[in-house]
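To start, the structure under review is shown below, and the notes come after it.
Residue numbers (the numbering used here): 18 to 243.
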């Protein structure tokens with residue numbers, strides 16, 4: 018009897034321990050997924066809000082010289098991101114970026130880079146232009162017609178972002194991606210091409226009618242001459 022009671026007690030302790038470990042694991046996973054959902058900057062974020070309408074006007078990014086230095090965070094879209102564990106990294110950089118732009122004006126001006134953000138849900142063409150991956154926030158600095166991207170493997174804490182902003186000229190840069198052709202431009206080209214094709218078809222049909230042979234039994238009418 019004592020042996021059976023001992024076995025029952027051991028089994029109960031083991032079951033309780035396994036249950037607790039399972040619950041802890043599920044809680045951690047749920048916390049990670051919950052954190053991954055938060056793909057938004059706070060409404061009162063002091064960084065400038067850039068959209069497809071004002072991006073070029075304000076930054077002059079597609080020109081040979083940008084209008085100053087711009088520190089731009091591309092916030093990825095939320096579509097389907099909750100199931101992606103890698104999105105926790107996007108949340109980290111969003112939170113760090115928001116914390117950094119809330120420091121005193123003196124500190125921000127010392128970095129000489131205007132903080133701004135782009136929401137991919139709102140401006141998908143901009144994010145396509147700068148090749149922002151799904152569920153992955155992208156931080157870049159636009160300066161002197163060049164683009165400096167935050168190193169992908171670098172820790173995305175506030176201090177690391179500060180270091181990136183202060184020493185960005187020491188890393189490799191690339192050309193700023195050119196603007197994508199707008200839909201209105203493609204529509205105009207399609208209409209123009211369609212018009213040209215239509216005119217050519219009409220002309221071709223008219224030429225065929227005038228050069229076609231007369232039906233049998235009909236002779237050509239020649240004007241009388243004196």
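Backbone N, C-alpha and C fix where the C-beta goes; we use that ideal spot for every residue, glycine too.
A straight line joining the alpha-carbon of residue 151 with that of residue 107 spans about 10 Å. Under the three-state reduction of DSSP output, residue 58 falls in the coil class, being neither helix nor strand.
Look at the beta carbons and you see the stretch 63 to 82 touching the stretch 184 to 201: at least three pairs across the two are nearer than 8 Å. Rounded to whole angstroms, the Cβ separation of residue 65 and residue 132 is 7 Å, and the two are in contact under 8 Å.
Beta bridge pairing from DSSP links residue 120 with no other residue. In this structure, residue 147 and residue 91 form a Cβ contact; the two beta carbons are roughly 6 Å apart against a cut-off of 8 Å. Taking 8 Å as the cut-off, the beta carbon of residue 86 is found no closer than this to the beta carbon of residue 174. Sequence-distant Cβ neighbours of residue 154 in its own chain, meaning closer than 7 Å and more than five residues away, are 90, 91, 92, 93, 107, 110, 111. Here residue 113 has 173, 174, 175, 178 as same chain residues with Cβ atoms under 7 Å from its own Cβ, once five neighbours each way along the sequence are excluded.
Going by beta carbons, residue 138 and residue 95 fall inside the 8 Å limit. With distances taken between CA atoms, residue 157 lies nearest to 190 out of 62, 117, 190, 211. Cβ neighbours of residue 165 within its own chain (closer than 7 Å, five residues either side excluded): 157, 158, 185, 188, 190.
DSSP places residue 158 within a strand segment (E or B) once states are collapsed to three.
In the structure shown, residue 141 falls within a helical segment according to DSSP collapsed to helix, strand and coil.
For residue 84 and residue 214, the gap between their C-alpha atoms comes out near 43 Å. The criterion of a C-beta distance shorter than 8 Å is satisfied by residue 143 and residue 69.
Spatial neighbours of residue 129 in its own chain (CB-CB distance under 6 Å, excluding positions within 5 residues in sequence) are listed in chain order as 86.
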